[in-house]
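S.K.: Okay, so the sequence shown: first residue is 86 according to this note's numbering, each after it adds one.
Ideal Cβ placement from N, Cα and C applies to all residues, glycine included.
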Amino acid sequence: MKKTLEEIHKIREEKKKELDLRINTKADTREKHILVCHGTGCTSSKSPEILNCFRKIIEEKNISNVRVIKTGCFGLCAKGPIVIIRPEDTFYAMVKPEDCEEIIQTHIIEGKKVERLLCKDIDGRKVNRLDDLNFYKKQKRIALKNCGVINPEDIAEYIAFDGYQALEKVLTKMTRQEVIDIIKDSGLRGRGGAGFPTGQKWELTKKSEGNQKYVVCNADEGDPGAFMDRSILEGDPHSVLEAMAIAAYCIGANKGFIYVRAEYPIAVKRLEIAINQARDYGIFGDNIFGTDFNFDIEIRLGAGAFVCGEETALLESIEGKRGQPRVKPPYPATAGLWGKPTLINNVETYANISQIILNGSKWFSSIGTENSKGTKVFALGGNVNNIGLVEVPMGTTLREIVYDIGGGIPNGRDFKAAQTGGPSGGCIPKEHLDTPIDYESLKEIGSMMGSGGLIVMDDTKCMVSLAKFYLEFTVSESCGKCTPCRIGTKRMLEILEKLCSGKGEELDIYKLEKLAVNIQKSSICGLGQSAPNPVISTLKYFREEFRQHALGKECKALECKAMSKITINQETCKGCGLCQKHCPVDAIKGEGREKRIIDQNKCIKCGTCLTNCPFKAIGK
């Protein structure tokens, strides 16, 4: 049923009191809220079963002061499924359905914590509260403010956390230009990769002439290992919807589209629920909040093509055409959907808007660096202990993210490089660990922000193989419209395959560089132009590895198996036989206390013997 502003205000105040214990750890209440992560990662690890199990036990035991709530992602995916109990903020990690009975009995009924389930930090220390984890201490959540706190399927909970208050303020107290000026003054830049000033884009679209305008959200998150936008949509969909409505008001649009990949079923479901709830409340539709502003949103599902992350290819797909980039200019701000002025921002960009409106441009611009304001969300993955979703102020160094937040490299190995920006980005070597993560600093060292994927690699990784991995992805995802991208990337991949198979030569390195430059200069869209970046950056910082592959026919990381050779040092070997015991193909010979020898014809270079030798007698 459509709500008046007064009714929404009443819902906010009543719900705020009810949810005080979610944010106030000293809340004077006997009530407990059990928060169960229902992000994709935890859902795949049976968190829905955990939630249902809690509810069943509570019903059976007739416990009246406990609520069980599904939430979005808490961020620390490596510890999932995660259960948080508020108001005390107790953090239980890797919870299983069979643990629910013990948590209810011990924690809820007896008032004692279940010690064995308490989350452990990297140093082995048990952590009683979420904020005590090093993972969270250097983070600042703006875009992720509500993720892991509210039930994303309950609009009343979003409203309680100041939801739709920014939209109300904009529609009832501000002109279109005043809103745009706040966004411009905040310094917010697009979080989708290019970093174009958001307020400027809004103003350009506002000034474009047209009897119909559109607002679009790019939720086609295609980078390998990236899950930032998905997590925001799963954990706080209303923040994106509210921002799209604000943007629509500013540019003079009455229709919005969210383009999200169909392979994000949880995000799609929660978007559908959120949109329907907003319509029921009268927040979407005609005469919103009693004004003359009309607005509604539709979801468009993408088939998972990487190229549809490029804004004009995305527009083509929404129109029902094949997802291929358009030649620019004209830009979407003047000729977008069906030739009409269209504003396109990605999920994370929109997720910042309401907070900027409520807290002011000065508040937002005080965070970050001179030219990169606010925070950035990263999907932290690869060879790092704390895999998960992080949000840090711009200017936080790579070292801080990897070691302070990420908990360092597993097994005490050395950091070798990090890849930012996905297939369009570049690698950052060890000598640049103290580089501030912002738009300008990353560009200076040959990488880019991208949408927010951050893959960490230890000293066992082959950088030639890494470049090949990203080129394989680019080749398979190329739309094929322009020759440089369609053919050029394929030729680059062939050279990399040649190098990794031990058949390369030094001339191949020169060919790679030449092709990369030509593709950058002549491809139609930004994805094609940036496709060679992973190769260019790895060549810049790890050229010697390419030379080893080309001239020495050697891959010291053992990833390129055609050139790898594992041997046993006869002086160091003690004849213990552990390597032989663990070899999956019986490639190691020797009996009793004899020193072992590897049969190179049988060896598959899996590296099992290396990890199982207690005397470090086996090497590359």
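Can you find at least 3 beta carbon pairs, one from the region 236-243 and one from the region 358-377, that sit closer than 8 Å?
M.R.: Contact holds: three or more Cβ-Cβ distances are below 8 Å.
S.K.: Quick one: give me the first and last residue of the alpha helix (DSSP H) that Cys664 is part of.
M.R.: For the purposes of this step, residue 664 is identified with residue 579 of the sequence shown, where counting begins at 1. Residues 663-667.
S.K.: Is it right to say Ala390 is buried, meaning 16 or more other beta carbons lie within 10 angstroms of its own, or is it exposed?
M.R.: Indexing the sequence shown from 1 puts residue 390 at position 305. By the 10 Å Cβ count, Ala390 comes out buried.
S.K.: Would the beta-carbon of Asn213 fall within 8 Å of that of Thr156?
M.R.: As a position in the sequence shown, residue 213 is number 128, starting the count at 1. As a position in the sequence shown, residue 156 is number 71, starting the count at 1. No.
S.K.: Between Pro508 and the rest of its own chain, which residues show a CB-CB distance below 6 Å, the 5 nearest in sequence each way excluded?
M.R.: If you number the sequence shown from 1, residue 508 lands on position 423. Only Tyr555, Phe558, Thr559 meet the Cβ criterion.
S.K.: Does DSSP put Asn431 in a helix, in a strand, or in coil?
M.R.: Position 346 of the sequence shown holds residue 431. Three-state DSSP puts Asn431 in a strand.
S.K.: Alpha carbon to alpha carbon, how far is Ile343 from Phe380?
M.R.: For the purposes of this step, residue 343 is identified with residue 258 of the sequence shown, where counting begins at 1. For the purposes of this step, residue 380 is identified with residue 295 of the sequence shown, where counting begins at 1. Taking the straight line from one Cα to the other gives about 13 Å.
S.K.: Report the residue ranges of all alpha helix (DSSP H) runs contained in full by the region 346-413; include only those spanning at least 4 residues, in chain order.
M.R.: Complete alpha helix (DSSP H) runs here, min 4: 350-365, 396-403.
S.K.: Measure how close the beta-carbons of Lys523 and Thr482 come, nearest whole angstrom, since I'm counting them as under 8 Å.
M.R.: As a working note, residue 523 is residue 438 in the sequence shown. As a working note, residue 482 is residue 397 in the sequence shown. The displayed chain sequence assigns Asp, not Lys, to residue 523. Incorrect: roughly 10 Å between the Cβ atoms, too far for contact.
S.K.: Taking C-alpha atoms, which residue in Ala601, Pro172, Asp270, Asp113 lies nearest to Val620?
M.R.: Residue mapping note: residue 620 aligns to position 535 of the sequence shown, counting from 1. Ranking Ala601, Pro172, Asp270, Asp113 by Cα distance to Val620 puts Ala601 first.
S.K.: Could you give the residue range of the alpha helix (DSSP H) that holds Thr623?
M.R.: The residue you call residue 623 lines up with position 538 of the sequence shown. Element bounds for Thr623: 618-626.
S.K.: Give the DSSP-derived three-state secondary structure of Arg315 in the structure shown.
M.R.: Here the question's residue 315 lines up with position 230 in the sequence shown. Looking at Arg315 - three-state DSSP - the assignment turns out to be helix.
S.K.: Does the pairing of the region 119-137 with the region 159-167 give three or more beta-carbon distances under 8 Å?
M.R.: Contact holds: three or more Cβ-Cβ distances are below 8 Å.
S.K.: According to DSSP, what are the bridge partners of Asn236?
M.R.: In the sequence shown, counting from the first residue as 1, residue 236 sits at position 151. In DSSP, Asn236 forms no bridge with anything.
S.K.: To which residues does DSSP link Glu476 through a beta bridge?
M.R.: Position 391 of the sequence shown, counting from 1, holds the residue named residue 476. Answer by DSSP bridge pairing, in chain order: Val462.
S.K.: Can you give me the C-alpha to C-alpha distance between Ile530 and Ile513, rounded to a whole angstrom?
M.R.: Stepping through the sequence shown from its first residue, residue 530 is reached at position 445. Stepping through the sequence shown from its first residue, residue 513 is reached at position 428. Each residue's Cα considered, the two are about 7 Å apart.
S.K.: Can you check whether the CB of Arg276 is closer than 8 Å to the CB of Lys528?
M.R.: Reading the sequence shown from its first residue, position 443 is the one you call residue 528. Reading the sequence shown from its first residue, position 191 is the one you call residue 276. No. Outside cutoff.
S.K.: Under 8 Å by Cβ, that's how I've got Met313 and Glu396 pegged, so tell me the actual separation to the nearest angstrom.
M.R.: Counted from its first residue, the sequence shown places residue 313 at position 228. Counted from its first residue, the sequence shown places residue 396 at position 311. 18 Å between Cβ atoms; not a contact.
S.K.: Alpha carbon to alpha carbon, how far is Lys95 from Lys111? Give it in angstroms, no decimals.
M.R.: As a working mapping, residue 111 is identified with position 26 in the sequence shown. As a working mapping, residue 95 is identified with position 10 in the sequence shown. One C-alpha to the other measures close to 24 Å.
S.K.: Here's the rule I'm using: 16 or more other beta-carbon atoms within 10 Å means buried, otherwise exposed. How should Trp423 be labelled?
M.R.: Here residue 423 refers to the residue found at position 338 of the sequence shown. Burial call: exposed.
S.K.: Compare the Cα-Cα distances from Tyr435 to each of Glu562, Ser622, Thr283 and report the closest residue.
M.R.: Residue mapping note: residue 435 aligns to position 350 of the sequence shown, counting from 1. Residue Thr283 is the option with its Cα nearest to Tyr435.
S.K.: Following the continuous beta strand (DSSP E) through Cys122, name the residue where it begins and the one where it ends.
M.R.: By 1-based counting over the sequence shown, the position of residue 122 is 37. Looking at the DSSP string, the run of the beta strand (DSSP E) that includes Cys122 is 117-122.
S.K.: Which class does Ala502 belong to by DSSP, given the choice of helix, strand or coil?
M.R.: Here residue 502 corresponds to residue number 417 of the sequence shown, with the count starting at 1. Three-state DSSP puts Ala502 in a strand.
S.K.: So for Lys425, helix, strand or coil by DSSP?
M.R.: Position 340 of the sequence shown, counting from 1, holds the residue named residue 425. Coil, per DSSP.
S.K.: Check whether the region 649-668 touches the region 693-702, taking contact to mean three or more Cβ pairs, one atom from each stretch, closer than 8 Å.
M.R.: Touching, yes.
S.K.: Under the three-state reduction of DSSP, which class applies to Lys205: helix, strand or coil?
M.R.: The count along the sequence shown starts at 1 and reaches residue 205 at position 120. Three-state DSSP puts Lys205 in a strand.
S.K.: Any contact between the region 214-231 and the region 313-328? By contact I mean 3 or more CB pairs, one from each, below 8 Å.
M.R.: Output reads yes: the region 313-328 touches the region 214-231.
S.K.: Pair every Cβ in the region 603-611 with every Cβ in the region 562-570, then say whether three or more of these pairs are closer than 8 Å.
M.R.: Yes, they touch.
S.K.: Which residue comes first and which comes last in the alpha helix (DSSP H) that contains Pro322?
M.R.: For the purposes of this step, residue 322 is taken as residue 237 along the sequence shown, with counting starting at 1. Its alpha helix (DSSP H) spans residues 322-336.
S.K.: My understanding is that Asp544 touches Asp593, with C-beta atoms under 8 Å, so please give their C-beta distance in whole angstroms.
M.R.: Residue mapping note: residue 544 aligns to position 459 of the sequence shown, counting from 1. Residue mapping note: residue 593 aligns to position 508 of the sequence shown, counting from 1. No, Asp544 and Asp593 are not in contact; Cβ-Cβ is about 25 Å, not under 8 Å.
S.K.: Relative to the alpha-carbon of Ser132, which residue among Val153, His118, Glu644, Pro182 has its alpha-carbon at the smallest distance?
M.R.: Walking along the sequence shown from the start, residue 132 turns up at place 47. Ranking Val153, His118, Glu644, Pro182 by Cα distance to Ser132 puts Pro182 first.
S.K.: Within a Cβ cutoff of 7 Å, which residues of the same chain sit near Gly704, ignoring the five residues on either side of it in sequence?
M.R.: Counting from one through the sequence shown, the residue named residue 704 turns up at place 619. Here the set comprises Thr652, Asn654.
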